[in-house]
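K.L.:
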Amino acid sequence: MAASVPAWEKRYSRKLLWTDLGVAVVVVFTAQLVTSPYVHDSAIPHLGTRRTVFALVLVGIWLLALAAYDSRNPSVFGTGPGEYKRVINATMMAFGIAAITLVLTAPFTLHREMMMVAFPLGLVLIVVGRWVWRKRLHQQRRRHLNTYRTIVVGEPGHAAHTATQLRANSINGFELVGAVTNSDVSGEILPGIPVLAHYDRLIATVDAHNIDTVIITGSSALSPSQLKQIGWNLEGRHVDLIVSAALTDVAGPRIHIRPVAGLPLIHVDLPSFSGWKYYTKRILDICLVLLASVPTAILVAVLAALIRLDSPGPVIFRQPRLGLDGEPFTMFKLRSMRTTAEAELPTLLDQSEGNGALFKLRDDPRVTRVGRFIRRHSLDELPQFVNVLRGEMSLVGPRPPLQREAENYTAAMNRRLLVRPGISGLWQVSGRSDLSWEDSTRLDLFYVENWSITGDLLILWRTLREVFSAKGAY
Numbered sequence: 005m006a007a008s009v010p011a012w013e014k015r016y017s018r019k020l021l022w023t024d025l026g027v028a029v030v031v032v033f034t035a036q037l038v039t040s041p042y043v044h045d046s047a048i049p050h051l052g053t054r055r056t057v058f059a060l061v062l063v064g065i066w067l068l069a070l071a072a073y074d075s076r077n078p079s080v081f082g083t084g085p086g087e088y089k090r091v092i093n094a095t096m097m098a099f100g101i102a103a104i105t106l107v108l109t110a111p112f113t114l115h116r117e118m119m120m121v122a123f124p125l126g127l128v129l130i131v132v133g134r135w136v137w138r139k140r141l142h143q144q145r146r147r148h149l150n151t152y153r154t155i156v157v158g159e160p161g162h163a164a165h166t167a168t169q170l171r172a173n174s175i176n177g178f179e180l181v182g183a184v185t186n187s188d189v190s191g192e193i194l195p196g197i198p199v200l201a202h203y204d205r206l207i208a209t210v211d212a213h214n215i216d217t218v219i220i221t222g223s224s225a226l227s228p229s230q231l232k233q234i235g236w237n238l239e240g241r242h243v244d245l246i247v248s249a250a251l252t253d254v255a256g257p258r259i260h261i262r263p264v265a266g267l268p269l270i271h272v273d274l275p276s277f278s279g280w281k282y283y284t285k286r287i288l289d290i291c292l293v294l295l296a297s298v299p300t301a302i303l304v305a306v307l308a309a310l311i312r313l314d315s316p317g318p319v320i321f322r323q324p325r326l327g328l329d330g331e332p333f334t335m336f337k338l339r340s341m342r343t344t345a346e347a348e349l350p351t352l353l354d355q356s357e358g359n360g361a362l363f364k365l366r367d368d369p370r371v372t373r374v375g376r377f378i379r380r381h382s383l384d385e386l387p388q389f390v391n392v393l394r395g396e397m398s399l400v401g402p403r404p405p406l407q408r409e410a411e412n413y414t415a416a417m418n419r420r421l422l423v424r425p426g427i428s429g430l431w432q433v434s435g436r437s438d439l440s441w442e443d444s445t446r447l448d449l450f451y452v453e454n455w456s457i458t459g460d461l462l463i464l465w466r467t468l469r470e471v472f473s474a475k476g477a478y
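Just so you know, the working numbering puts 400 at position 396 of the sequence shown, and the rest follows in order with no gaps.
#1: In whole angstroms, what is the alpha-carbon distance linking proline 78 and serine 17?
#2: Suppose you measure from the CA of proline 369 to the CA of valine 38; what does that come to, to the nearest Å?
#3: Determine, using beta-carbon pairs with one atom in the region 121 to 131 and one in the region 185 to 203, whether at least three such pairs fall under 8 Å.
#4: Per the contact definition of three or more C-beta pairs closer than 8 Å, is the region 128 to 137 in contact with the region 166 to 173?
#5: Counting C-beta neighbours from all protein chains within 10 Å, is the total for glycine 64 16 or more, i.e. buried, or is it exposed?
#6: Apart from the five residues just before and just after proline 160, which ones in its own chain have a Cβ nearer than 8 Å to its Cβ?
#7: Going by other Cβ atoms of all chains shown within 10 Å of its Cβ, with 16 needed for buried, is alanine 279 buried or exposed?
#8: Go to phenylalanine 33, then tell me how far its beta strand (DSSP E) extends in each direction, as first and last residue.
#9: Whose C-beta lies closer than 7 Å to the C-beta of isoleucine 101 among residues of the same chain, with five residues either side of it excluded?
#10: Can you grab the Cα-Cα spacing for the pair arginine 54 / phenylalanine 99, in whole Å?
#11: For lysine 285, does the count of other Cβ atoms within 10 angstroms reach 16, so buried, or fall short, so exposed?
#12: With respect to the beta strand (DSSP E) encompassing proline 332, which residues constitute its N-terminal and C-terminal limits?
#13: What residue range is occupied by the uninterrupted beta strand (DSSP E) comprising glutamate 179?
#14: In whole angstroms, give me the CA-to-CA distance for aspartate 216 and valine 181.
#15: Using 8 Å as the threshold, is the C-beta distance between phenylalanine 178 and threonine 151 below it?
#16: Look up glutamate 396 in the DSSP assignment and say whether it is helix, strand or coil.
#17: Less than 7 Å between C-beta atoms, sequence neighbours within five positions excluded: which residues of the same chain meet that for serine 434?
#18: Tyrosine 283 lies in the alpha helix (DSSP H); which residues open and close that run?
#19: For phenylalanine 472, which residues in the same chain have their Cβ closer than 8 Å to its Cβ, ignoring the five residues on either side in sequence?
#20: With 16 other CB atoms within 10 Å as the buried threshold, where does serine 46 fall?
#21: Quick check on the burial criterion: 16 or more other C-beta atoms within 10 angstroms. Buried or exposed for aspartate 289?
#22: Quick one: Cα of glutamate 453 to Cα of proline 316, how far?
#23: How many whole angstroms separate the CB atoms of histidine 242 and valine 9, which I take to be in contact at a CB cut-off of 8 Å?
#24: Rounded to whole angstroms, what is the Cα-Cα separation between proline 402 and tyrosine 451?
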């Protein structure tokens, strides 16, 4: 038989439990301490004791709600949004139950102030606690710790594709041991991932290699009855069975499972480029730009003076780019290169580190001293707030292409033009200039297909971190 539940899962779950308990106790009793001076009622005997008892009851309700929402289930360890959603819903339920209980059994005014302090503080700290452990788990998984020993089952080509995707996202915790295929039991599907066995030796392979997770590719040659039999054979082995659908680059919120006549049908929402989400995104762009307008104007004025002192020429660099539906517009940037940069470009093309469609050069000699600093921290992009207000760009979106780049687009790449280009985007928070042309294009297309308001806010948050770190910028 294969191994039991991984020991690290139990340790991690206990750490989350102790963290949740610590957060609950600190939040509730801090709120009680802060609000005690505002609660006076001499007519109520043992007021302090009653408030302490209620605080303990609230801690208990909170922990039970976290357990009821299965917030420490291994399936959400390190996932981020999925885990945060569970702890937030559990916290809201706990405080809702507590409030209703107070209304029905005791004077609510005795605990009103405490609840008003504890609820928002608790929402923040319970998420922060999970965020800290998530970051710790990701660090460990990059060192190949706290992972699941995994085999991929399917035809060699599809198994290799699935393995490639899993390797590129090591923080998900799948340590690939090998593959089980319907072909000859020899060789490797990828370097370092050997073919371990044929389909008919799957269960024996699971036992022999101490496997925690079996992933069956969406295009495997297994029949429904064979798949069901595999599930039965894995019972009692504490092995997760995962079926990978033949879908790539589709975000989770667009996927819904609809059981129909015993079939687990996967419904995929089509990308949305209009409607309420589209208008909400536009309103969000305008509001955030206006909120940042005063500090941005001051910073741009300082940088403009430095640019003028550093090299002759205009402060603002104007360049034609393509926007929504391929419409040309003039994009504004703080000038970071010599004014002769465009004329010098042909002499540098043979040194390009990009592909034929995109010029990239890590130590570009055309960049000025001030330009190198503002490019490293993406401060040259600040004038693009004007492009956002004019409706030509968005705060988040695909990188705005040059006309010569778009001329090399395939039909799939043209989908980048279905939304407004962005000052930042997935490419900005996933490596910036260190990305290859293929990777940046893939990320842009993923964004176009899966964008959401929540996703935009997360990208903006990550952008701030990337700007300060200056990683991957040149």
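Beta carbons are placed, not taken as given, at the ideal position from N, Cα and C, and that holds for glycine.
P.N.:
Short version:
#1: 8 Å
#2: 59 Å
#3: no
#4: no
#5: exposed
#6: Ala183, Thr185, Ser187, Ile193 and Val199
#7: As written in the sequence, residue 279 is glycine, which differs from the alanine given in the question. Classification for glycine 279: exposed.
#8: Unbroken run through phenylalanine 33 is the alpha helix (DSSP H), 11 to 39; no beta strand (DSSP E).
#9: Ile65
#10: 18 Å
#11: buried
#12: 332 to 338
#13: 178 to 185
#14: 10 Å
#15: yes
#16: coil
#17: Leu447
#18: 280 to 295
#19: His381
#20: Note on serine 46: pLDDT 47, under 50, position unreliable in the model; the coordinate value appears next. That one is exposed.
#21: buried
#22: 43 Å
#23: 5 Å
#24: 7 Å
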